[in-house]
Amino acid sequence: MKLYGIKACDTCRKALKSLEAAGNEVEFVDVREAPLEPSELRRFAEKFGEALTNTRSTTWRGLSDAERARPQLELLTENPTLMKRPVIETDELYLGWKKDVQDALL
3 MKLYGIKACD TCRKALKSLE AAGNEVEFVD VREAPLEPSE LRRFAEKFGE
53 ALTNTRSTTW RGLSDAERAR PQLELLTENP TLMKRPVIET DELYLGWKKD
103 VQDALL
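Just so we're on the same page, the working numbering is the position in the sequence shown counted from 1, plus 2.
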């Protein structure tokens with residue numbers, strides 16, 4: 003299992019701790035330190051669409067309207083903190099750490 007996120011993200015830390023406590027072996031990928039390959043980003047975007055972009059983030063609020071209008075994959079490549087977190091990969095992909103994801107993985 004892989005968890006894509008950012009070390010400083012509370013939600014990512016909660017998800018990692020819960021998954022490991024449930025006996026899962028989890029590889030944590032910090033997207034700020036190890037940027038995602040374009041093919042990985044494309045795969046995530048194909049699965050989650052616009053939901054992959056965190057429009058409530060500080061980074062998003064700091065972008066101009068012109069920057070926000072750019073293609074999603076360009077924005078996420080240049081600003082990895084814009085990715086909604088965590089993305090969890092098992093035999094399928096999950097986005098976030100809400101109850102439905104927790105029920106599926108714990």
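Ideal Cβ positions, reconstructed from N, Cα and C, are used throughout, including at glycine.
Here the structure is a predicted model, which is why all the values come from computation and not from measurement.
Taking 3 residues as the minimum length, the beta strand (DSSP E) runs contained wholly in the segment 14-91 are 29-32 and 89-91, in order along the chain. A buried status is given to L78, since no fewer than 16 other beta-carbon atoms sit within 10 Å of its beta-carbon.
A distance below 9 Å separates the beta carbons of K4 and F30. W99 and G25 have their C-alpha atoms roughly 17 Å apart. Residue burial annotation: P82 is buried, with at least 16 other C-beta atoms found within 10 angstroms of its C-beta.
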